[in-house]
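Chains as they are written, first to last, in our numbering: chain A, 20 to 232; chain B, 15 to 96.
Just so it is clear, CB atoms sit at the ideal spot from N, CA and C, and this is done for glycine as well.
For clarity, every value in this text was computed on a predicted model and none was experimentally measured.
Below is one structure, written out as structure tokens; the observations come after it.
Pasting the structure below:
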């Protein structure tokens with residue numbers, strides 16, 4: 020418990036737009052990313068940030084995480100891989116559910132066409148550690164890779180776990196993020212109490228924030 | 015029940031699927047190897063599903079073993095069509 024932990028890069032894809040700076044600017048300007056009750060992150064177009072294969076091989080929640088992680092890692096200067104030994108570079112990404120879009124769509128396939136028609140990509144896309152695995156593979160983070168799944172606290176847990184990995188000497192650097200895909204109506208009922216300051220990453224669907232340390 | 019289709023039609027459908035999988039269009043051709051197109055085993059399972067949907071041809075996992083080129087895949091579908 021002696022290592023200092025510092026954040027060296029940040030990234031974000033949220034209903035307020037793409038980019039951590041955009042998030043900060045619009046947030047502090049009092050803007051809301053909620054559209055008709057939905058937090059869609061509608062400015063995020065996956066094909067503008069990911070390859071065709073990456074788009075096909077990832078649920079939207081993972082796509083959000085990939086874009087946010089890329090920004091954070093570039094911000095940290097990790098364009099060419101992690102600093103130091105990749106085996107000691109970890110990746111921790113929190114999520115409320117994981118690839119719920121894939122789960123829903125493939126459930127419909129199973130119901131209407133049978134289990135044999137379920138896409139072979141289903142598990143790699145829907146599992147709650149999909150984002151951490153994909154981000155780790157893309158950026159050569161070969162240390163511990165896992166997801167924290169604890170509803171609205173998932174992002175905070177990812178940050179906490181990342182800090183501990185470094186403090187306890189299990190990793191030298193960590194990419195961590197929170198990613199959520201669902202774009203359900205939010206809040207469930209219109210609320211006059213809704214303000215931009217409540218659009219923190221751990222509450223808003225269709226959000227990904229990432230940091231590198 | 016297997017549908018009827020020409021070799022050219024099947025080849026074009028396979029080309030289209032490979033492009034959807036993310037392969038570079040200018041590298042797709044009958045002699046292209048799946049590995050060089052960055053097409054892996056999961057893609058091939060999806061390709062088998064597409065072929066089944068479009069032509070009624072059932073391809074099992076073992077049918078796809080040893081298939082490494084586009085031409086071999088088209089040959090396999092043609093043989094199943096009879």
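Runs of beta strand (DSSP E) wholly within the region 49-85 of chain A (minimum 3 residues, chain order): none
DSSP on residue 71 of chain B, reduced to helix/strand/coil? Residue 71 of chain B: coil per DSSP, three-state reduction.
Cβ atoms of residue 196 of chain A and residue 87 of chain A: under 7 Å apart, would you say? yes
Would residue 84 of chain B and residue 46 of chain B be called neighbours here (beta carbons separated by less than 7 Å)? yes
Measuring only the C-alpha atoms, how far is residue 109 of chain A from residue 132 of chain A? 40 Å
Excluding the five sequence neighbours on either side, which residues of its own chain have a C-beta within less than 6 Å of the C-beta of residue 62 of chain A, listed in chain order? 36 and 37
Beta-carbon separation of residue 146 of chain A and residue 117 of chain A under 7 Å? yes
Based on Cα-Cα distance, which residue from A/49, A/181 and A/31 lies nearest to residue 85 of chain A? A/31
Span of the alpha helix (DSSP H), counted from its first residue to its last, around residue 127 of chain A: Segment 119-132, the alpha helix (DSSP H) holding residue 127 of chain A.
Span of the alpha helix (DSSP H) around residue 174 of chain A: Residues 173-186.
Sorted by chain position, which residues of the same chain lie with C-beta nearer than 6 Å to residue 42 of chain A's C-beta, five sequence neighbours on each side aside? For residue 42 of chain A, where only same-chain residues beyond five positions count, the Cβ hits under 6 Å are 31, 33 and 35.
Between which residues of its own chain and residue 81 of chain A is the CB-CB distance below 6 Å, once the five residues before and five after are set aside? 149, 150 and 153
Residue 165 of chain A - DSSP class collapsed to helix/strand/coil: strand
Short CB-CB distance (under 7 Å) between residue 71 of chain A and chain B: yes
Rounded C-alpha distance that separates residue 139 of chain A from residue 164 of chain A: 22 Å
Within 7 Å, strictly: CB atoms of residue 71 of chain A and residue 36 of chain B: yes
Taking CB distances under 7 Å as the criterion, tell me whether residue 139 of chain A reaches chain B. A Cβ of chain B is located within less than 7 Å of the beta carbon of residue 139 of chain A.
I'd like the list of long-range same chain contacts for residue 25 of chain B, defined as Cβ closer than 6 Å, with 5 residues on each side in sequence excluded. 88
Interface partners of residue 56 of chain B on chain A, CB under 7 Å: Chain A residues near residue 56 of chain B: 139 and 140.
Residue from A/69, A/106 and A/104 whose Cα sits closest to the Cα of residue 90 of chain A: A/69
Of the residues B/52, B/18, B/75 and B/93, which one's Cα is nearest the Cα of residue 33 of chain B? B/52
So, are the CB atoms of residue 98 of chain A and residue 162 of chain A less than 7 Å apart? no
Helix, strand or coil, according to DSSP, for residue 151 of chain A in the structure here? helix
Rounded C-beta distance between residue 63 of chain B and residue 136 of chain A? I'm assuming under 8 Å. 7 Å
Identity of the residues DSSP links to residue 83 of chain B by a beta bridge: B/47
Is residue 61 of chain A close to the ligand MN? I mean its beta-carbon at under 6 Å from any heavy atom of the ligand. As far as ligands go, the structure on display features none, and thus does not contain the ligand MN.
Using a Cβ-Cβ cut-off of 6 Å (strictly less than) and excluding sequence neighbours within five positions of residue 19 of chain B, which residues of its own chain qualify? 69
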